[in-house]
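In the order they appear, the protein sequences are chains A and B. Take the first sequence: its letter number 80 is residue 146 in this note's numbering, and every next letter is one higher. Take the second sequence: its letter number 144 is residue 210 in this note's numbering, and every next letter is one higher. Have a look at the structure below before the remarks.
There are 2 protein chains.
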Amino acid sequence: MIQYFKPFTFLCLLFLGINFRAASQETIASKLGYPADAKLLIIHADDLGVSHSENIATFEAIDNGSVNSASVMMPTPWVLEAVNYAKANPETHDFGLHLVLSSEWKNYKWGPVSSTDKVPSLIDEHGYFHEACRSDLNLKEVELELKAQVERAYAMGLEPTHLDTHMGCLAQTTRLTEVYLKIGQKYNLPVFVLDEFLSKEIKETYHPKVLVDQLYTISPEDYSIGPETYYTNTLKNLMPGLSLLLIHTAYDNEEMKGMNVDHPEWGNAWRQKDYDFFTSKTCKELLEKENIKLVTWRQIKEALY
Amino acid sequence: MIQYFKPFTFLCLLFLGINFRAASQETIASKLGYPADAKLLIIHADDLGVSHSENIATFEAIDNGSVNSASVMMPTPWVLEAVNYAKANPETHDFGLHLVLSSEWKNYKWGPVSSTDKVPSLIDEHGYFHEACRSDLNLKEVELELKAQVERAYAMGLEPTHLDTHMGCLAQTTRLTEVYLKIGQKYNLPVFVLDEFLSKEIKETYHPKVLVDQLYTISPEDYSIGPETYYTNTLKNLMPGLSLLLIHTAYDNEEMKGMNVDHPEWGNAWRQKDYDFFTSKTCKELLEKENIKLVTWRQIKEALY
């Protein structure tokens, strides 16, 4: 396995254009009340809690835009703001946990939820998570920290609708993916994971009940052509089945410029463009014109778990 | 002792208008090369590290305004940005440590530098510092955490010029003050502490080498009249001896509005006003007209430690 990834590049390499279909998928559409060939889509904003800008832009994109799901990073400084939004919208929010094992920005940092002396392999010399995903983490410590993140969410009053993995760190190795699935099983939560990284043995042990058919997330190359073009093409060419569109919505303000310094990819301008598209009339009209049905992890959880 | 203080009110109650003079003070002026009756002033910005806004506004107020000293909160998310500024200005910065035992904002939080399971009395149910200063903290845990904050600073490459106490938490009880002075003695650093809270015994044990004659910091009442009036009067009526003026400089932007939500006192508008005055021509002219000599903790440290 690759030992060190630059921040963010992993998710992109892993996810872009990957198309897989599990035999069981037809049951998801029917269990959600749609025909088997319906185009089902989750428009999912990552990184809640990471900054005030990310939080308030995402709340707006949910309240008045087309974003219908998001996930929260429990170790981040602004997590309480995201939790308070969820509590104020107990039935309608669709917030999962964006499980965190990295602290990737230059001047702005966070560390584990668990006591740092219990998870030495997860932290750098200053007690923060490592900058990049790592494949050499102690698996017992990973499990301890992931449990701590889930338990912290429940303790704060957030009942997550699903689990996913920040920067794809939990898809680094089969063993990390196994820990990830184990956590999903323990808390009876849908886990977003790629079919092709699951061995037969792992599938038989953890039997994930839902598999996403198509996953889309914008790459630096697509971004350079233009996010509106990428997102328009994605929606126009959406395949039948369950699709997941991962985005990052924030306002391009001073806070985000400081956070994203020296890292334009997945940075402030990028996140503002995501916000712009997914709060636009163009997006809403496209979803309707293409007969795309927005579904949430909450609906999936309630139907299958 | 009062058990629980509302955030920020303590500092104000404690410091405002307090005027004391130690017999040894004349030596400070002479050791710094000034006559005994010189008006010496440290214009000190608290809370570096607390937010990107606070950092960049304070850097600007130091680079081009009249602020000449500041202190850094090691447990905060943006501390690396402050440390990197200090490293880029190794000779000229005057950054001490604003020792932290509280996490006072509603939706934006931080916790101890030390492992949380080593300092249970310092944290709330979610592992953050308590919202307010507390007088019932375990003193061994306080000492452990303060050492961890100082050690973290050195490990990051910041050599602090002094120590002070965020929200005055370390002036809550004589015993807390004793721990605070012990840390100063251990690392041979000037400690900002109020003379009137020091017993004869504590003085003989820790013999602080420097005592501030006058301490000024704006109160909510002064703020309501107008910060410019308060600061102008303060500078016009500055007494001879060593004075410390504690301020908080930040830009009143979205990040600060989010951080200071439900807490206008010491909040975003307030910090912008502090920034405005201490980057103004008015302030610079007043300092010159009143023959006020700006001195730093670094100068004091080099002269007396």
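The beta carbon of each residue, even a glycine, is placed where N, CA and C say it ideally should be.
- In this structure, residue 185 (chain A) and residue 207 (chain A) form a Cβ contact; the two beta carbons are roughly 4 Å apart against a cut-off of 8 Å.
- With a threshold of 9 Å between beta carbons, residue 196 (chain B) makes no contact with chain A.
- Residue 96 (chain B) and residue 193 (chain B) have their C-alpha atoms some 47 Å from each other.
- Per the coordinates, the alpha-carbon of residue 289 (chain A) lies some 8 Å from the alpha-carbon of residue 296 (chain A).
- When secondary structure is reduced to three states using DSSP, residue 277 (chain B) falls in the coil class, being assigned neither helix nor strand.
- The count of Cβ pairs closer than 8 Å, one atom from the region 335-346 of chain A and one from the region 123-133 of chain A, reaches three, so the stretches are in contact.
- Counting of Cβ neighbours within 10 angstroms places residue 249 (chain B) among the buried residues, the total reaching 16 or more.
- Residues of chain B with a Cβ closer than 9 Å to the Cβ of residue 305 (chain A) do not exist; the shortest Cβ-Cβ separation is about 38 Å.
- Listed in chain order, the positions of the region 203-233 of chain B with a beta carbon within less than 8 Å of a beta carbon of chain A are 218, 221 and 222.
- Distance check between residue 355 (chain B) and each of B:170, B:302 and B:366 places B:302 closest, using alpha-carbon atoms only.
- Annotated three-state conformation of residue 240 (chain B) is helix, per DSSP.
- DSSP places residue 138 (chain B) outside any alpha helix (DSSP H); the residue lies instead in the beta strand (DSSP E), whose first and last residues are 135-138.
- Interface residue (Cβ-Cβ distance to chain B less than 9 Å): residue 170 (chain A) is not classified as such.
- Here residue 299 (chain B) has no same chain residue with a Cβ atom under 8 Å from its own Cβ, once five neighbours each way along the sequence are excluded.
- About 11 Å separates the beta carbon of residue 135 (chain B) from that of residue 114 (chain B), a gap too long to meet the 8 Å contact definition.
- Just so you know, the alpha carbons of residue 227 (chain B) and residue 219 (chain A) end up roughly 39 Å apart.
- Per DSSP, residue 99 (chain B) lies in no beta strand (DSSP E) and is assigned neither H nor E.
- Listed along the chain, the chain B residues whose CB falls inside 7 Å of the CB of residue 124 (chain A) amount to none; the nearest CB is some 13 Å away.
- At least one beta carbon of chain A lies nearer than 9 Å to the beta carbon of residue 176 (chain B).
- Spatial neighbours of residue 172 (chain B) in its own chain (CB-CB distance under 6 Å, excluding positions within 5 residues in sequence) are listed in chain order as 327 and 328.
- The region 359-368 of chain B and the region 104-112 of chain B touch, with three or more beta-carbon pairs separated by less than 8 Å.
- Buried is the label assigned to residue 285 (chain B), since at least 16 other Cβ atoms lie within 10 Å of its Cβ.
- In the same chain as residue 276 (chain A), and ignoring 5 residues on each side of it, the C-beta atoms closer than 7 Å to its own belong to 94, 256, 366 and 370, in chain order.
- Around the Cβ of residue 292 (chain B), a 10 Å sphere holds fewer than 16 other Cβ atoms; the residue is exposed.
- The CB of residue 144 (chain A) comes closer than 7 Å to the CB of 173 and 174 in chain B, given here in chain order.
- For residue 111 (chain A), the secondary structure class from DSSP, reduced to helix, strand or coil, is strand.
- With the criterion set as a beta carbon lying under 9 Å from some beta carbon of chain A, the region 343-371 of chain B has no members that meet it.
- For the 9 Å CB-CB criterion, residue 231 (chain A) and residue 164 (chain A) form a contact.
- The C-beta of residue 193 (chain B) comes closer than 9 Å to at least one C-beta of chain A.
- Taken in chain order, the complete beta strand (DSSP E) segments of 3 residues or longer contained in the region 281-342 of chain A are 307-313.
- When DSSP reads this structure, residue 358 (chain B) sits in a beta bridge with B:105.
- A Cβ of chain B is located within less than 9 Å of the beta carbon of residue 184 (chain A).
- The alpha-carbon separation between residue 273 (chain A) and residue 243 (chain A) amounts to approximately 13 Å.
- Inter-segment contact for the region 173-183 of chain B and the region 138-157 of chain B is present: three or more beta-carbon pairs are separated by less than 8 Å.
- Within the same chain, and ignoring the five residues on either side of residue 319 (chain A) in sequence, the residues whose Cβ sits closer than 8 Å to its Cβ are 119 and 334.
- Taking a Cβ-Cβ threshold of 8 Å, none of the residues of chain A is close to residue 287 (chain B); the smallest such distance is about 29 Å.
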